[in-house]
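Inspection log for the structure reproduced underneath, given as structure tokens.
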Amino acid sequence: MSENILEIKDLTLGVTERDGSMAVAVDHISFEVRAGEILGIVGESGCGKSLTVMSLMGLLREDVKALEGQILFQGEDLLAVSEERRREINGKDMSIIYQEPMTSLNPLMRIERQVAEPLRLHGSYSREELHQKALALLTEVGIQDPEACLRAYPHQLSGGMRQRVMIAMATICSPRILLADEPTTALDVTTQAHVLDLLKRINREYGTAILFISHDLGVINRICDRVLVMYAGKIVEAGTNRDILDAPCHEYTRGLIRSIPTRDRKGKELPSIPGRVPSVEDPKEPCPFAPRCRRAMEICHREAPACTRIDQDHIACCHLC
Amino acid sequence: MKYFLRKTLVLVLTIFSISLLTFFAFHIIPGDPASLILGTNATEEQVAALQEQLGTNRPLSEQYISWITGFVRGDFGSSIRYRMPVSELLKGRLPVTLSLGLIALVMILAAGIPLGILAARWRGKPGEKILNILTMLGISVPNFFLCILIMWIFGLILHLFTPGDYVSYTRSLPRFLQSLFWPALSIAIPQTAILVKYIRTAMLEELGEDYVRTARGKGAGETWILYGHVLKNAIVAVVPLIGMILASVLSGSIIIEQVYGIPGMGKLLIGAVTSRDFPLTQTLVIYITVIIVVTNFLVDIVIQVIDPRIRLSGRS
Amino acid sequence: MKDGRKELRIGLVLTGIVLALTILSIFYTPYHYNQMDKAARFLAPSLRHLFGTDSYGRDIFSRTIYGGRYTLLVAVSTVASCTVIASVLGLISGYVGGIVDEIIMRIIDAISSFPDLLIALIVVTVLNLGQLTIVAALCITFVPSFTRIVRTATLQYKSAEFVKNLRVFGVSDLRILLVHIFPNTFPLLLSTIVIGLSNAILAEAAMSYLGLGIQPPIPSWGRMLQEAQTIVYTAPWAAICPGAMIVVTIAGLNWIGEGLRKLYL
Amino acid sequence: MGKNHASTQDILRVEHVNNYYTKGGLGILKKAEANQVLHDVSLTIGNDEFFGLVGESGCGKSTLANAILGLIPFEGTIEVAGHAHKTTDRKEFTRHIQAVFQDPLSALNPRRTIGETMREPLMAHGIGSRQEQDRKIAKMLETVGLDASYADRYPKELSGGQRQRVCIGAALILEPDLIIADEAISALDVSVGSQILNLFNTIDVERDFSMLFISHNLNVVYYLCDRIAVMYKGYIVEQGTADAVYNHPGHPYTRLLLSAIPDMQEENDREKELLEKFKAPVAGACAYYHRCPYASDHCHKKPDLVNIAGRGEPEHLVRCWMPTLFDPAGVKEPGMEGGKV
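Pasting the structure below:
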């Protein structure tokens, strides 16, 4: 088994409610990101996938707190390190791209400065070196006129170009791991395909591990090696793409896959999941999915399910697996 | 360039509408201005003579045209109260008010920007509360009250200056500027508080933007983010308010000149208003308003230069 | 901290004090506001004269709490009339758009290029002095900013999906405007009204300080400050008391405004 | 209630519709710039038919929806259930056509209860007494799968899916002939979106209405609709039965869209290369010219829609000079080039 870059142990995140109480948004999750792999996290809104990624970068909003657990980055617990050390890691060993490339770029700063900024923060380079590096990176991510792009401001670029710039910026220090929070959700399908190809190429050529978050199983399938399925702050199933998509065991994963309209489902009713996506404030059940589960048994409302290993990488947390 | 031309055209049109509005405001008065000025016990001949002098017996459009052509040539008519040309009256006073306004503006910017940054830096710390309360006090103090307090404390108790001791710039420039210091301070303090509040709000807003999160993700520290990213964007957001602040400064100087007995345009204006001296009031109103409109025009140009979003798309 | 309740509370307490004193003055003042007493000139604050006396021996406390009512009355009537006018203009301008919007906004722009004080001065010069004049003067100065705020909110809701939906339902424009859009502008309008009140009080005080507001012998805060100015060395309380009253009122209203903004926007 | 058309009559007829977007203008100092958003768009929707409109952001699909709803001006003819825009007043028109929009939260007035919002269309058209309206609302809430007690709740108390159900209920309450669903499930979670798709299907069985379903997701459109049109830069580039467009695409853009949709099959089951080949745009050329891998000098003129369906088959229109190139057994395709997005 290959080396783990990131090991998350019992990570628990709480969100401060309006009345001052703490609601658990991410509930004792544990997983690892292996060197050179693309790991996907899939889930619906409010399942805690974005909070998880933000906590890995130490970029949680002020009202969110890590209550428990460890984030081990090459053996170092990121929840315990000093702010200085955190800043050393961010942008250099670990970096991140977001859903909204427009707002994620400083509107009043030229692309060149923004792309080269991680280098200036993590080393000393001459102006010329910075320029050359930024130029090389933009060419690398497939921007056709990199010189013009360097001189441009964010609003002059198209959505796809902005996301490429974000990727260039995130990879300029050759990080060990890249976190991607729904990076293609705001893009058109054709643009999305290009960006996914680019991320995959970066992963294959430089061995950069990627933690890829999406609500779209199709996107996850196109880019990831392994997938975690999250529901209501918990990981309910984990496995390789084929484990999850072809042989899902957890009832939620199954329901999710079945409810997507595909070619062969035309004219048939979609076997969708009843009920609504739970929000953070909702009362917690032992098995979070039990209230919506068609196959829920009496035990599901009483006892939290253990996580069973089904296959080498395939784990599901369900009483039925 | 197209932007500049368009803005210039807007400026000209604005000045035109200011002159129109002012002129008609003073001419659509219920009743005849001449008899209003002279009071109820004036004879008809007196009224007719004044009508002739004011030109109010001619049609309005004709009056406007002759007035505006005179205005452009520098002939602003005669003051009723002082019985001398308005241009003569203005001559010595324009530099006084402009200097007072300028000193106040410099004070506001010099104190407001650093304090605004400090206020943003101190968020969540005990210093923030004190600064917040001071800002609120500053905003809430009327400048004429502040003026009285300053005269009392710094003038009468501490003897740092003599209230009412004004030195004309024709006599001694340094002493002229010195005598404007305290009046300018009275104007500046409330406006500084407003500026601090705006900058603080703008900085905090910028700090909540996604690009700040991106910078944190790159490993940037608080200082780097504040001065490298947020400050410029916050200032760009605040620049449009400079025109507004200048308008308040000039309004402030109208009152403050009254308190300190400074012979500027403000003192002249109040005198003109209380004695219902229409030609003088009219001219002063247009003068002051045009100063503000031109400043706003310059501010627009500055924004256009510093904000690429406007510069490059050519739209505001 | 975040939700603005604290600001609201401070603001309500401060304005509450001023309001309570003003209401008290309707029923009771320790002395008549104009009662002069040669023997009691320039008295420092004491139990007999809470805020001291002025150069005529008049009781500053009585004058201060009495003087509030005109300032407050002028401010309230200014803001009320201004809100009505601006709501109509803003709603029409924002919802109808096109040439109507263009005309209204150009006039608003032209008016607002004059500094507030100048407009007030023009109106006061042109019209005769009196309480109504000052209300009209201040109203004209405030209409532009109020109108812009209502218009912006209207525009924002006009393009909202739910208005599009209502139009598709076949609901009439007037009903959409009055029943659906207008109430949604209330939170914004409310904090604007509060800030407007504080500005109106400041402006009224400035006008009566310049001798262009309420006329003597009725006391007003601005007027009292002007009279106190020459005796500030001998009787600083004569200036500090009405001045502090203004500061407390304005700060209170500003705090309420800030609290409301944080709570609802 | 306008339900008495022969089944052969078209519910929606859009003929040669053009729309120009003007920015600036009005102000004396701003010069109006006109951009054409819709180019000669024509389509018809039959009785009880679900028609899908697909395209990427900015292709003009929402503009078309707004034009049909009468919310924006346009050139050309649009008729709903025989009523033309230009001759029917807005209120009368709205009896025949209703809409469901993308974001169900902003589609409901936050300060009014669900019941109040659903009463608006009934009040506007003077239907029923208050009690009858209450009954209708309660019944409609049940139809869309909600409890009648939801009438007293405010939008913010509901989840996204529930809000969208309310919007659908409010749209159906006037029993319109046509519903326009503009990205109606795009903002919803996958598991909730599929519930809404099912809801459309079950209501379709119970009631008689046509739908123009607008989406960027070709899979969803194929799943729900009988016929599909694909839009690109304001042109309809392909139109035909769902089966023809989805399984036998005739336009290179449709093909690109199909290959770009990430699906859940294993990698090698899918054609990998994106059929794009960027080149300098030519004035007056086919709208897709600069991205089309097959473009030749031939394409410097704008193509018309041509029918590529076989004899006796339903119409399958493609706006391309060489639609036959894309026969399923087609020519060898060049690989992806360039990376300009």
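So the sequence lines, in the order shown, correspond to chains X, U, H and V. 5 is the number of the first residue of the first sequence in the numbering used here; add one for each residue after it. 295 is the number of the first residue of the second sequence in the numbering used here; add one for each residue after it. 111 is the number of the first residue of the third sequence in the numbering used here; add one for each residue after it. 6 is the number of the first residue of the fourth sequence in the numbering used here; add one for each residue after it. Quick reminder that beta carbons are idealized off the backbone N, C-alpha and C, glycines included.
Under a Cβ-count criterion, where at least 16 other Cβ atoms within 10 Å of its own Cβ denotes burial, should X/E121 be classed as buried or exposed?
For the purposes of this step, residue 121 of chain X is identified with residue 117 of the first sequence, where counting begins at 1. Counting of Cβ neighbours within 10 angstroms places X/E121 among the buried residues, the total reaching 16 or more.
Return helix, strand or coil for H/I328, following the three-state DSSP convention.
Counting from 1 along the third sequence, the entry for residue 328 of chain H is found at position 218. If DSSP states are grouped into helix, strand and coil, H/I328 belongs with coil.
What residue does the beta strand (DSSP E) around X/L76 start on, and which one ends it?
Along the first sequence, read from residue 1 onward, the residue named residue 76 of chain X stands at position 72. It spans V68 to F77 - the beta strand (DSSP E) in which X/L76 sits, taken as one unbroken run.
Between which residues of its own chain and X/H323 is the CB-CB distance below 6 Å, once the five residues before and five after are set aside?
Within the first sequence, the letter at position 319 stands for residue 323 of chain X. Counting only Cβ-Cβ distances below 6 Å, and skipping sequence neighbours, we find I303, C304 and P309.
Residues of chain H with CB closer than 8 Å to the CB of U/V587, please, in chain order.
Here residue 587 of chain U refers to the residue found at position 293 of the second sequence. In chain order: S223.
Segments of 3+ residues assigned as beta strand (DSSP E) that fall wholly inside the region 210–242 of chain V:
215–220 and 232–237
Could you check if U/I312 is buried or exposed, using at least 16 other CB atoms within 10 Å of its CB as the buried criterion?
Within the second sequence, numbered from 1, the residue matching residue 312 of chain U stands at position 18. The residue in question, U/I312, is buried, as its Cβ has 16 or more Cβ neighbours within 10 Å.
Separation of H/V273 from U/A509, as counted between CA atoms
Here residue 509 of chain U refers to the residue found at position 215 when the second sequence is read from its first residue. Here residue 273 of chain H refers to the residue found at position 163 when the third sequence is read from its first residue. One C-alpha to the other measures close to 39 Å.
So that I know if they touch, is there some Cβ in chain X lying closer than 8 Å to that of V/G166?
Along the fourth sequence, read from residue 1 onward, the residue named residue 166 of chain V stands at position 161. By this cut-off, V/G166 is an interface position.
Nearest to X/A140 by alpha carbon, out of X/P158, X/E116 and X/T56?
Your numbering for residue 140 of chain X matches position 136 in the first sequence. The residue with the shortest Cα to Cα distance from X/A140 is X/E116.
Any beta carbon from chain X within less than 8 Å of U/A514's own beta carbon?
Looking up residue 514 of chain U in the second sequence gives position 220. U/A514 counts as touching chain X.
Beta-carbon gap between X/L249 and X/N225 smaller than 8 Å
Position 245 of the first sequence, counting from 1, holds the residue named residue 249 of chain X. Position 221 of the first sequence, counting from 1, holds the residue named residue 225 of chain X. It is a contact, given that the beta carbons lie within the stated cut-off.
Let's test the definition: count the other Cβ atoms within 10 Å of the Cβ of H/F252 and tell me whether it reaches 16, buried, or not, exposed.
The sequence position of residue 252 of chain H within the third sequence is 142, counting from 1. Buried: at least 16 other Cβ atoms inside 10 Å.
Is it right to say X/P252 is buried, meaning 16 or more other beta carbons lie within 10 angstroms of its own, or is it exposed?
For this step, residue 252 of chain X is matched to residue 248 along the first sequence. By the C-beta density criterion, X/P252 is buried, having at least 16 other C-beta atoms within 10 angstroms.
Is X/T20 close to chain U, meaning its C-beta is less than 8 Å from at least one C-beta of that chain?
If you number the first sequence from 1, residue 20 of chain X lands on position 16. No, because no Cβ of chain U sits closer than 8 Å to the Cβ of X/T20.
Mind pulling the chain U residues with CB within less than 8 Å of X/K96?
The residue you call residue 96 of chain X lines up with position 92 of the first sequence. Those within 8 Å of X/K96 in chain U are G513.
Using a Cβ cut-off of 8 Å (strictly closer), state whether H/G204 contacts chain V.
Position 94 of the third sequence, counting from 1, holds the residue named residue 204 of chain H. Not an interface residue.
Give me, in chain order, the residues of the same chain whose beta-carbon lies closer than 7 Å to that of X/E289; leave out the 5 immediate sequence neighbours on both sides.
In the first sequence, counting from the first residue as 1, residue 289 of chain X sits at position 285. Only P295 and H305 meet the Cβ criterion.
Interface flag, V/R100 vs chain A, CB-CB below 8 Å:
Among the chains of the structure shown, chain A does not appear; the protein chains present are X, U, H and V.
Please classify H/Y138 as buried or exposed, where buried requires at least 16 other C-beta atoms within 10 Å of its C-beta.
As a working mapping, residue 138 of chain H is identified with position 28 in the third sequence. So H/Y138 ends up on the exposed side.
In angstroms, rounded to a whole number, what distance separates the CA positions of V/E121 and V/A156?
Looking up residue 121 of chain V in the fourth sequence gives position 116. Looking up residue 156 of chain V in the fourth sequence gives position 151. Using only the alpha carbons, I get a separation of about 8 Å.
Would you say U/G432 and U/P484 are within 8 Å of each other, going by their C-beta atoms?
Position 138 of the second sequence, counting from 1, holds the residue named residue 432 of chain U. Position 190 of the second sequence, counting from 1, holds the residue named residue 484 of chain U. Going by C-beta atoms, U/G432 is nearer than 8 Å to U/P484.
Indicate whether X/E285 and X/A27 have their beta-carbon atoms separated by less than 8 Å.
Taking the first sequence and counting its residues from 1, one reaches residue 285 of chain X at position 281. Taking the first sequence and counting its residues from 1, one reaches residue 27 of chain X at position 23. Yes. Within cutoff.
Could you check the C-alpha separation between H/E378 and H/T262 for me, to the nearest Å?
Lying outside 111 to 375, the shown extent of chain H, residue 378 of chain H is not represented and no answer is given.
Let me know the secondary structure DSSP gives X/D31 once reduced to three states.
By 1-based counting over the first sequence, the position of residue 31 of chain X is 27. In this structure, X/D31 counts as strand in the three-state DSSP scheme.
For X/R335, decide whether its Cβ has a neighbour in chain U, counting only Cβ atoms nearer than 8 Å.
Given that chain X is displayed from residue 5 to residue 325, the structure contains no residue 335 of chain X and the question cannot be resolved.
Quick test of the definition: if touching needs 3 or more C-beta pairs under 8 Å, does the region 350–369 of chain H touch the region 112–129 of chain H?
By the Cβ criterion, the region 350–369 of chain H is in contact with the region 112–129 of chain H, since at least three pairs of Cβ atoms, one from each stretch, lie closer than 8 Å.
Per-residue burial, U/Y521 [other beta carbons within 10 Å of its own, 16 or more giving buried]:
For the purposes of this step, residue 521 of chain U is taken as the residue at position 227 of the second sequence. Burial call: exposed.
Proximal residues to U/N489 (C-beta, below 7 Å), its chain only, five neighbours per side dropped:
Here residue 489 of chain U refers to the residue found at position 195 of the second sequence. Residue 489 of chain U is actually Leu in this sequence, not Asn. Correct list, in chain order: I402, G406, G410 and I539.
In chain order, what residues of the same chain lie with their CB nearer than 6 Å to the CB of X/S211, ignoring the 5 residues before and after it?
Taking the first sequence and counting its residues from 1, one reaches residue 211 of chain X at position 207. The sequence given here has Gly at residue 211 of chain X, not Ser. Closer than 6 Å at Cβ, skipping near neighbours: G40.
Test: U/D504 CB closer than 8 Å to a CB of chain X:
By 1-based counting over the second sequence, the position of residue 504 of chain U is 210. Taking Cβ atoms only, chain X reaches closer than 8 Å to U/D504, which makes this a yes.
Can you check whether the C-beta of V/E125 is within less than 8 Å of a C-beta belonging to chain H?
Translated into positions along the fourth sequence, residue 125 of chain V becomes position 120. At least one chain H Cβ lies under 8 Å of V/E125.
Among V/E61, V/N24 and V/V46, whose alpha-carbon lies nearest the alpha-carbon of V/I219?
Along the fourth sequence, read from residue 1 onward, the residue named residue 219 of chain V stands at position 214. Of the listed residues, the one whose Cα sits closest to V/I219 is V/E61.
Under the three-state DSSP convention, the category V/D139 falls into
Here residue 139 of chain V refers to the residue found at position 134 of the fourth sequence. Helix.
State the DSSP-derived secondary structure class of V/G87, mapped to helix, strand or coil.
The sequence position of residue 87 of chain V within the fourth sequence is 82, counting from 1. V/G87 carries a coil assignment under DSSP once its states are collapsed to helix, strand and coil.
Does H/S282 get closer than 8 Å to chain V when you measure Cβ to Cβ?
Residue 282 of chain H sits at position 172 when you count from the first residue of the third sequence. Answer yes: the Cβ-Cβ gap between H/S282 and chain V drops below 8 Å somewhere.
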